[in-house]
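Data first, discussion second: the structure below is written as structure tokens.
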Amino acid sequence: AQSVAQPEDQVNVAEGNPLTVKCTYSVSGNPYLFWYVQYPNRGLQFLLKYITGDNLVKGSYGFEAEFNKSQTSFHLKKPSALVSDSALYFCAVRDGASSGTYKYIFGTGTRLKVLA
Amino acid sequence: DVKVTQSSRYLVKRTGEKVFLECVQDMDHENMFWYRQDPGLGLRLIYFSYDVKMKEKGDIPEGYSVSREKKERFSLILESASTNQTSMYLCASNTLPREYNQPQHFGDGTRLSIL
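Okay, structure coming up:
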């Protein structure tokens, strides 16, 4: 069965410092991995995805994510955090071996707080 | 840009009422999804639909039903609302997953309170 874990409920970082939000996954086939961001009272917005190819994926708003197959991880990163990055971040996975299924599995979310 | 519109941002209903949550998307997407979001539990899939009149149960379908009579509209129905259905409900859509790599587009959510 596919699953995704976000081990940290909250991450605090000072403005200007690099940030990392962690995600690990478990699938039986090739993973399709996604990061979404949710601002207060809004729906989720797509940030980036990994399908195949380069392990470093670049996305919206200066975010990037590093795919590590041996550690089954897909951590979200940004070199220099902004106060406006404060939001709830979700990692999601689809199992490439499960043809015909439309299910995405979402993590429980990590609240990022960037301190001025 | 894809727009997914949920008809209500906030809704207050009473236990036992039949509740309808409506979702419309404007990009001719085949797939539509209903999730509920609860603190510490993330997003859990209630139902999804991959075509008009087609639906499949997600992880937590009990107490809910859905309707998709037109491609752009996907309705979630609480047959007899209960207090444990108080939650944030999110609708999403995306295109046919030829390579299973299409991100979902979300509405802004409906915060439903059942009293």
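Residue numbers (my numbering), protein chains in the order written: chain A, 1 to 116; chain B, 1001 to 1115.
Virtual Cβ for every residue (Gly too), placed ideally from N, Cα, C.
1) Closer than 9 Å between beta carbons: that is the criterion. Which residues of the stretch 1082 to 1094 of chain B meet it against chain A?
2) Can you tell me which of A/P18, A/V4, A/E66 and A/R42 puts its alpha carbon nearest to the alpha carbon of A/Y25?
3) Helix, strand or coil, according to DSSP, for B/T1083 in the structure here?
4) Per DSSP, what kind of secondary structure is A/Y36 in: helix, strand or coil?
5) Identify the contact partners of B/G1107 in chain A, using a Cβ-Cβ distance below 9 Å as the criterion.
6) Please confirm whether A/Y61 has its beta-carbon closer than 9 Å to some beta-carbon of chain B.
7) Is the beta carbon of A/T110 closer than 9 Å to that of A/V21?
8) With DSSP as the reference, identify every bridge partner of B/M1054, one or two as the case may be.
9) Hey, is A/Y32's beta-carbon within less than 9 Å of any beta-carbon in chain B?
10) Using 9 Å as the limit for Cβ to Cβ distance, is A/G53 near chain B?
11) Would B/E1056 and B/Y1050 be called neighbours here (beta carbons separated by less than 9 Å)?
12) For A/Y50 and A/F63, what's the separation of their Cα atoms in angstroms?
13) Give a yes or no on whether the minimum CB-CB distance between B/Q1104 and chain A is below 9 Å.
14) Return the chain-ordered list of same chain residues with a C-beta closer than 6 Å to the C-beta of B/G1109, the five sequence neighbours on each side being excluded.
15) According to the neighbour-count rule (16 or more other Cβ atoms, all chains shown, within 10 Å of its Cβ), is B/N1084 buried or exposed?
16) So which residues on chain B does A/Y89 lean against when the C-beta distance must stay under 8 Å?
17) Could you tell me whether any Cβ in chain A is nearer than 9 Å to the Cβ of B/L1041?
18) For B/S1113, which three-state DSSP category applies?
19) Compare the C-alpha of A/L82 against each of A/Q2, A/N17 and A/Q6 and name the closest.
20) Take B/W1034 as the anchor and find which of B/Q1104, B/I1114 and B/S1113 has the nearest alpha-carbon.
21) Given that B/L1045 touches chain A, what residues does it touch there, using C-beta distances under 8 Å?
22) Three-state secondary structure (DSSP) at A/Y104?
If we stick to the structure as given:
1) If the cut-off is 9 Å between Cβ atoms, the stretch 1082 to 1094 of chain B has L1090, C1091, A1092 and N1094 near chain A.
2) Reading the first sequence from its first residue, position 25 is the one you call residue 25 of chain A. Its Cα nearest to that of A/Y25, the residue A/V4 stands out among A/P18, A/V4, A/E66 and A/R42.
3) What you label residue 1083 of chain B is simply residue 83 of the second sequence in a count that begins at 1. Three-state result, B/T1083: helix.
4) On the first sequence, residue 36 of chain A is found 36 positions in, with the first residue counted as 1. Three-state DSSP puts A/Y36 in a strand.
5) Sequence index remark: in the second sequence, residue 1107 of chain B carries index 107 (1-based). Residues of chain A passing the Cβ test: G43.
6) As a working mapping, residue 61 of chain A is identified with position 61 in the first sequence. A/Y61 is outside the set of residues whose beta carbon lies under 9 Å from a beta carbon in chain B.
7) The residue labelled residue 21 of chain A in the question sits at position 21 within the first sequence. The residue labelled residue 110 of chain A in the question sits at position 110 within the first sequence. Contact flag set, yes.
8) Numbered from its first residue, the second sequence carries residue 1054 of chain B at position 54. Its beta-bridge partners are B/D1051.
9) For the purposes of this step, residue 32 of chain A is identified with residue 32 of the first sequence, where counting begins at 1. Yes, A/Y32 lies at the interface with chain B (some Cβ there is under 9 Å from its Cβ).
10) Locating residue 53 of chain A in the first sequence gives position 53, where the first residue counts as 1. No, A/G53 does not count as interfacial toward chain B.
11) If you number the second sequence from 1, residue 1056 of chain B lands on position 56. If you number the second sequence from 1, residue 1050 of chain B lands on position 50. A contact, by the Cβ cut-off of 9 Å.
12) Your numbering for residue 50 of chain A matches position 50 in the first sequence. Your numbering for residue 63 of chain A matches position 63 in the first sequence. Computed Cα separation, rounded: 13 Å.
13) The residue you call residue 1104 of chain B lines up with position 104 of the second sequence. Yes - at least one Cβ of chain A is within 9 Å of the one on B/Q1104.
14) As a position in the second sequence, residue 1109 of chain B is number 109, starting the count at 1. If we look at B/G1109 and ignore the five residues flanking it on each side, its Cβ neighbours are M1088 and L1090.
15) Indexing the second sequence from 1 puts residue 1084 of chain B at position 84. The residue is exposed, with fewer than 16 neighbouring Cβ atoms inside 10 Å.
16) What you label residue 89 of chain A is simply residue 89 of the first sequence in a count that begins at 1. What A/Y89 touches in chain B: nothing, since even the nearest Cβ is about 11 Å away.
17) Residue numbering aside, residue 1041 of chain B sits at position 41 when the second sequence is read from its first letter. With 9 Å as the cut-off, B/L1041 counts as an interface residue toward chain A.
18) By one-based count along the second sequence, residue 1113 of chain B stands at place 113. Looking at B/S1113 - three-state DSSP - the assignment turns out to be strand.
19) Stepping through the first sequence from its first residue, residue 82 of chain A is reached at position 82. For the residues A/Q2, A/N17 and A/Q6, the minimum Cα distance to A/L82 belongs to A/N17.
20) Within the second sequence, numbered from 1, the residue matching residue 1034 of chain B stands at position 34. For B/W1034, the nearest C-alpha among the options comes from B/Q1104.
21) Looking up residue 1045 of chain B in the second sequence gives position 45. Within 8 Å Cβ-Cβ: K103 and Y104.
22) Taking the first sequence and counting its residues from 1, the one referred to as residue 104 of chain A is at position 104. A/Y104 falls in the coil class under three-state DSSP.
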